[in-house]
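> The structure under discussion is supplied below as C-alpha cells; questions concerning it will follow.
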Amino acid sequence: MCTVINDTDTESNIAEQERRNIEDLGSVETKNPRGNIHCLNIIGQVEGHMVLPPQNKTTKYEHVLPQLIAIEENPEIDGLMVLLNTVGGDVEAGLAIAEMIAGMSKPTVSLVLGGGHSIGVPLAVATDYSFIAPTATMTVHPLRMNGVVIGVMQTFQYFQNMQDRIIDFVVSNSNITYDKFKQLMLTTDEIANDVGSILFAKKAVEYGLINEMGGLKDALEKMYELIEKERENKK
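The opening position of the sequence shown corresponds to residue 1 in my numbering, with each subsequent residue numbered one higher.
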C-alpha cells in the first residue's frame, strides 16, 4: 500500500505543529533573509518542582530546557529572542533556565515587557543583550520561601547562599555592581509590605541591569546585528 503526501498536506501539518508550539510551549520560529529567529515566551510564574494551580499562567522548566537544547543544535535557527513578562517563581528552575540561555553559543536577546520581577531578573540578563520596554518594571528583592521554616542559623545561612547565587549570576551577566544590586535588594523604604526595589525601565538601564530601553523593533534589529556578526566570525 502506497501513501501519497502532497504539498498541501505537508503545509497543513507544519501549520498545525506551529499552532501547537504556540499553544503548548509559547514559542514560535520566524524566517527572514537576515536570519531565522526562535521566539521563546517566559510568562506568568516560573513553575518549579511543585505543580501550580490550573488558574495560574506558568512557564514550565521541563518544557523550556529541552527547547533550548533543540534551538542550540538546530542549524536552521540563527538566534534566540526571549520575551519576558513574569512575576518570578521558583529560584532553582529560573536559574536553570537562565544558565542554559547564558551558555548558548548562538546570539540571544531578551525583551522585558510588562514586568521582569524576582527570578525574572536573572532570566532577563542571561542573554547577550537585553532590552526593557519603556513602561516595564523589574522588582529586586531578597530570597523568599513558602511553607514552614526552621528558625536556626543553618536555615539563614542556606538562604544567604541561595541569594548569593542569584546576585553572582546577575552581576556576572550585566553591568550592575555587586554593591548596587545588593543595596536595591535590601531597600526598606520603597515597598510598603516588603523589602526590595521596583525599578522602572530608565533606572534599570541607568544602574546597568539592562543594556537598553526599547521595543520590539529595537530588539529585532539588535538580534539581526548579532547574527550578522556571528556569520562574519565563522568565515
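Backbone N, C-alpha and C define an ideal beta-carbon position, used for all residues, glycine too. This one's a predicted model, so the numbers in the text were calculated from it and none came from an experiment.
1) Select from G79, Q160, T177 and A70 the residue whose C-alpha is nearest the C-alpha of E228.
2) Determine, using beta carbons only, whether N175 comes closer than 8 Å to chain D.
3) Using 10 angstroms around the beta-carbon of K222, count the other beta-carbons present and answer buried if the total reaches 16, otherwise exposed.
4) From the DSSP output, in three-state form, read off L186 for me.
5) Identify every run of the alpha helix (DSSP H) within the segment 111-173, keeping only runs that are complete inside it and at least 4 residues long; order them along the chain.
6) So the candidates are L84, E62 and R231; which of them puts its Cα closest to the Cα of V121?
7) For the pair the segment 50-61 and the segment 84-98, tell me if three or more CB-CB distances fall below 8 Å.
8) Among V148, Y207 and G214, whose alpha-carbon lies nearest the alpha-carbon of N175?
9) Please report how far the alpha carbon of I43 lies from the alpha carbon of L216, in whole angstroms.
10) With contact counted as at least three CB pairs below 8 Å, one residue from each stretch, are the segment 102-120 and the segment 54-63 in contact?
11) Going by CA-CA distance only, name the one from A96, P75 and P33 that's closest to V46.
12) Can the beta-carbon of G147 be found closer than 8 Å to that of A93?
13) Rounded to whole angstroms, what is the Cα-Cα separation between S172 and V82?
14) Do you know offhand how far I236's Cα is from I37's?
15) Quick check on DSSP: helix, strand or coil for M223?
16) Exposed or buried, which one is T139 when buried takes at least 16 other CB atoms within 10 Å?
Judging by the given coordinates:
1) Measuring from the Cα of E228, the nearest candidate turns out to be G79.
2) Looking at the structure shown, chain D is missing, and only one protein chain is on hand.
3) Burial call: buried.
4) L186 falls in the coil class under three-state DSSP.
5) Under the rule that a run must span 4 or more residues, the alpha helix (DSSP H) segments found entirely inside the segment 111-173 read 120-125 and 153-172.
6) Of the candidates L84, E62 and R231, the one whose C-alpha sits nearest the C-alpha of V121 is L84.
7) By the Cβ test, the segment 50-61 is in contact with the segment 84-98, since at least three Cβ pairs between them sit closer than 8 Å.
8) Comparing alpha-carbon positions, the option among V148, Y207 and G214 lying closest to N175 turns out to be Y207.
9) Computed Cα separation, rounded: 16 Å.
10) In short, these stretches do not touch, since the Cβ pair count stays below three.
11) Of the listed residues, the one whose Cα sits closest to V46 is A96.
12) Here G147 is not near A93, since their CB atoms are 8 Å or more apart.
13) Near 19 Å, if we compare the C-alpha coordinates of V82 and S172.
14) Since the first residue shown for the chain is 1 and the last is 235, residue 236 is missing from the structure and cannot be characterised.
15) Residue state, collapsed to three classes: helix.
16) Buried.
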